[in-house]
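Peer 1: For the sequence shown, the positions run 40 to 338 when my numbering is used.
Positions of the beta carbon are idealized from the N, C-alpha and C atoms, including for glycine.
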Amino acid sequence: MSIEVQLVSKNYGSQKALDEVSFSIQKGEIVGFLGPNGAGKSTLMKILTTYLSADAGNASVNGFDVNTQTKEVQKSIGYLPEHNPLYTDLYVREYLAFNADVYRVPKSRMDEVIQLTGLGAECHKKIGQLSKGYRQRVGLANALLHDPAVLILDEPTTGLDPNQLVEIREVIRNVGKNKTVFLSTHIMQEVEAICDRVIIIDQGKIVTDKKIEAAVKTPEEQIIEVEFDQAIKPEILSQLAYLTASENLQGNLWTLYFKAEVDCRLTVFDWAQNNGLKTLQLNLKSKNLETLFREVTKK
C-alpha cells in the first residue's frame with residue numbers, strides 16, 4: 040500500500056480532531072478527501088507528512104512509518120499544503136533551483152516541472168508578482184520536483200480560474216498514472232473529474248469510502264426535486280410511498296429521496312393531486328457527490 044492509516048486519533052485539548060481513522064490507498068490511485076471545515080482533513084494530511092504526530096494509531100507512506108522513519112517518508116512525498124508557503128522575493132526559477140539543491144536533483148528537472156505545470160510564461164517573474172493561481176502552480180511544481188512516489192495535496196486548486204482549473208486537473212490526472220495522489224478539496228466536481236475514489240470525513244470519523252462510480256450511482260435510489268403551488272407541512276410527506284428522506288430547499292421547493300424500482304415522479308404527482316396540490320416543477324435529479332456529501336455530513 041502507498042498509504043496505510045490504522046486507527047489514527049488526534050486531540051487538540053478536549054477537541055477530538057481524528058477519531059480512530061482507518062483506510063488504505065494503493066499505488067496509482069487518485070483519492071479525493073472531502074469533509075466540512077474542521078472535520079480533520081488537514082490534521083490527517085499533516086500526520087501523513089510528519090508535520091504532526093498522532094496521539095494513537097499507526098500510519099505509513101510508501102511503506103515507511105510516519106513516526107519512526109520520518110526522513111524516508113519526507114523523501115517519498117510531494118506535499119502542497121493548504122496555505123502554500125513560498126519565498127515571494129525569489130524568482131520562480133531561483134526558488135525551484137534552491138529546492139532542487141535541497142532535494143539533490145539535477146537542475147534539468149526544473150524545466151520538466153515548469154513545463155508540466157504551465158509556468159513557462161511566468162518563470163522569469165518574482166513569486167510575489169504572481170497571481171494566487173500561479174503561486175499554486177509554483178507550489179505544485181515544487182511538490183513534483185523530486186519525482187515523489189506519493190503526492191499529498193491540500194486544496195491544490197485554491198484561487199485558480201476556470202481555465203486554470205482544467206489545466207491543473209489534467210496535470211494531476213497525468214501524474215496520477217504512475218503516482219499515488221491524495222488530495223483534499225471543497226470542489227465536488229473536481230473529485231468527480233479526476234479521482235478514482237472518494238473518502239469523506241465528518242467530525243473526525245470516516246463516514247464514506249467508495250469508488251466514485253459507486254458513490255454517485257446507488258441502485259434503486261431516486262432523487263426528485265418538486266415545487267408545489269403552496270406551502271406544506273413536512274409531516275404530510277410521510278404519506279408518500281417509498282420515501283426515505285425529504286429536505287426543504289426554499290419556499291415550496293423540496294428535494295425528496297426515494298428507494299424504489301418504479302418511477303417515483305408518478306407517485307409524487309398522484310399524491311399531490313390527491314392532497315389538493317399542484318406541482319409547478321417535478322424533476323428527477325442525478326445523484327452526485329454534492330448530494331452524497333450533504334447526506335453523510337448532515338447534522
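Hey, E194 and G157: beta-carbon distance below 7 Å or not?
Peer 2: No, Cβ-Cβ distance for E194 and G157 is not below 7 Å.
Peer 1: State the start and end residues of the unbroken beta strand (DSSP E) segment that holds E334.
Peer 2: No beta strand (DSSP E) contains E334, which is instead part of the alpha helix (DSSP H) from 328 to 336.
Peer 1: Can you tell which of A160, G290, L192, A188 has its C-alpha closest to the C-alpha of Q175?
Peer 2: The residue with the shortest Cα to Cα distance from Q175 is L192.
Peer 1: I'd like the ranges of any beta strand (DSSP E) spanning at least 3 consecutive residues and lying wholly in the region 269 to 311.
Peer 2: Listed in chain order, the complete beta strand (DSSP E) runs (minimum 3 residues) inside the region 269 to 311 are 282 to 289, 292 to 298.
Peer 1: When the Cα atoms are used, what is the spatial distance from I238 to S92?
Peer 2: Each residue's Cα considered, the two are about 21 Å apart.
Peer 1: Let me make sure I understand the geometry here. Which of S223, G243, D302 has the alpha-carbon closest to that of E260?
Peer 2: Comparing Cα-Cα distances from E260 to each of S223, G243, D302, the minimum goes to D302.
Peer 1: With DSSP collapsed to three states, give me the class of N217.
Peer 2: Looking at N217 - three-state DSSP - the assignment turns out to be coil, as it is neither helix nor strand.
Peer 1: If you draw a straight line from the alpha carbon of T196 to that of K317, how long is it in whole angstroms?
Peer 2: When rounded, the distance between both Cα atoms is 44 Å.
Peer 1: So with Cβ pairs under 7 Å, would you call L316 a contact of chain D?
Peer 2: Given the protein chain composition of this structure (a single chain), no chain D is represented.
Peer 1: Relative to the C-alpha of S48, which residue among C162, V210, G198, M84 is closest?
Peer 2: When only C-alpha atoms are compared, the closest one is M84.
Peer 1: Just curious, the beta strand (DSSP E) that I238 is in, first and last residue?
Peer 2: Residues 236 to 241.
Peer 1: Among G243, Q289, T330, which one has its Cα closest to the Cα of G79?
Peer 2: Of the listed residues, the one whose Cα sits closest to G79 is G243.
Peer 1: Considering only DSSP beta bridges, list what G117 is partnered with.
Peer 2: According to DSSP, which records beta bridges pairwise, G117 is partnered with L190.
Peer 1: For the alpha helix (DSSP H) that V152 lies in, which residues bound it at each end?
Peer 2: Note, V152: alpha helix (DSSP H), 147 to 155.
Peer 1: Does I226 come out as helix, strand or coil in the three-state DSSP assignment?
Peer 2: In the structure shown, I226 sits in coil (DSSP, three-state: anything other than H, G, I, E or B).
Peer 1: Can at least three beta-carbon pairs, one atom from the region 105 to 119 and one from the region 279 to 288, be found at a separation below 8 Å?
Peer 2: Touching, no, given that fewer than three Cβ pairs across the two stretches are closer than 8 Å.
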